[in-house]
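Numbering (my numbering), first residue to last: 128 to 196. No residue lacks a Cβ here, since even glycine has one placed at the ideal position from N, Cα and C. Quick caveat, the model's predicted, so the values are computed rather than measured.
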């Protein structure tokens with residue numbers, strides 16, 4: 128289960144790749160806008176999932192130390 132959450136880090140790499148594509152290439156403005164929207168979606172979903180997984184681990188450890196299951 129530990130490795131299950133690591134898949135979301137690929138989203139950071141994809142987001143970085145999209146930013147590099149936007150900055151380096153000379154696409155039309157509409158294509159750049161589409162890539163920027165795609166960047167926002169990929170980064171947002173990855174970031175939220177990583178934070179959610181970390182919060183769930185913290186909550187489980189807090190419940191475990193307080194004697195609750």
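Exposed unless 16 or more other CB atoms sit within 10 angstroms - verdict on residue i
i	result
residue 138	buried
residue 142	buried
residue 173	buried
Proximity winner among the options, relative to residue i (alpha-carbon distances)
i	options	result
residue 161	145, 176, 174 and 173	145
residue 166	150, 181 and 178	150
I'd like the ranges of any alpha helix (DSSP H) spanning at least 4 consecutive residues and lying wholly in the region 130-190.
136-151
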